[in-house]
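Worksheet: the structure to be examined is printed underneath.
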Amino acid sequence: MKNSSSFFLLFCLFLFSCSKKQENRKRQKAVTILIQPFKDLKPESINFVTAEIKKVYPSVKILEPIDFPENTYYKPRNRYRADSIIKYLSEKTQDGFVTIGLTSKDISATKGKVADFGLMGLGYRPGKACVASKFRLDKKSDEQFFKIAIHELGHTQGLKHCPEKTCFMRDAEGKNPTDEEKDFCRKCKLILMTKNWKFSSI
Numbered sequence: 000m001k002n003s004s005s006f007f008l009l010f011c012l013f014l015f016s017c018s019k020k021q022e023n024r025k026r027q028k029a030v031t032i033l034i035q036p037f038k039d040l041k042p043e044s045i046n047f048v049t050a051e052i053k054k055v056y057p058s059v060k061i062l063e064p065i066d067f068p069e070n071t072y073y074k075p076r077n078r079y080r081a082d083s084i085i086k087y088l089s090e091k092t093q094d095g096f097v098t099i100g101l102t103s104k105d106i107s108a109t110k111g112k113v114a115d116f117g118l119m120g121l122g123y124r125p126g127k128a129c130v131a132s133k134f135r136l137d138k139k140s141d142e143q144f145f146k147i148a149i150h151e152l153g154h155t156q157g158l159k160h161c162p163e164k165t166c167f168m169r170d171a172e173g174k175n176p177t178d179e180e181k182d183f184c185r186k187c188k189l190i191l192m193t194k195n196w197k198f199s200s201i
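Numbering that gives the first Met the number 0 puts the first residue of the sequence shown at 0, with every later residue one more than the last.
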């Protein structure tokens, strides 16, 4: 009888603990995405990318456009260093937020033995900031621009490249496969949900 009572007490404590964990999960505040445009980008591109991000993640805020910090400019190639941009944005980003810089200018970073490699976007795993550029995309396609942006945001939340060809986290492999990408795949969504991301469907 004593063993039965002890088992029942432990079972009740287990249920209470699970209930508390679920309650704490519900109370966790979702991460807010901060859209930080640079002054070179047209308002219509900013608005389109923001609207598309909100379709998959509604907690988004647009910041006032800013100039590039002087130390991000790489004069020999007339482009901006993505790693320096991310460092600058990260220092300004508080906990509970992730910032993405948006630009139409060419950006680059060191890749392997290449000291200055041109990029469509860059985001570290994990990270508080990332950057996406429209420079290497179809200039008429803000949809491609959005897909680069959401891809880099995924990296900041710890997502690796995904083998699913229609997933936003597909590896570009030096090309531009954005027209084939449709959404985060189920596996990537489940990972993002552990990071406080909210989705209307999985």
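Note that beta-carbon positions come from the ideal geometry of N, C-alpha and C, so glycine has one too.
These figures come from a predicted structure and were not determined experimentally.
| Check | Outcome |
| --- | --- |
| If you run the structure through DSSP and keep just helix, strand and coil, what is N42? | The sequence shown places Pro at residue 42, rather than the Asn named in the question. Residue state, collapsed to three classes: helix. |
| For I76, name the three-state secondary structure that DSSP assigns. | The question names Ile, but residue 76 is Arg in the sequence shown. Looking at R76 - three-state DSSP - the assignment turns out to be helix. |
| I'd like the list of long-range same chain contacts for Y73, defined as Cβ closer than 8 Å, with 5 residues on each side in sequence excluded. | Y79, R80, S107 and D115 |
| Would you mind giving the Cβ-Cβ distance between K197 and A29, rounded to the nearest angstrom? I have them listed as a contact below 8 Å. | 6 Å |
| Quick check on G122: does DSSP put it in helix, strand or coil? | strand |
| Spatial neighbours of K186 within its chain, please: CB distance less than 6 Å, with the 5 preceding and 5 following residues excluded, ordered by chain position. | none |
| Just confirm the distance between the C-beta atoms of N70 and S83, as a whole number of angstroms; I'd bet it's less than 8 Å. | 6 Å |
| Using CA coordinates, which residue listed in L40, D141 and H154 is at the minimum distance from L62? | L40 |
| The alpha helix (DSSP H) that contains Q143, what's its start and end? | D141 to T155 |
| Return the CA-CA distance between N23 and V130, expressed in angstroms with no decimal places. | Here the model assigns N23 a pLDDT of 43, short of 50, so the residue's position is not dependable, and the following value carries that caveat. The alpha-carbon atoms of N23 and V130 are separated by roughly 32 Å. |
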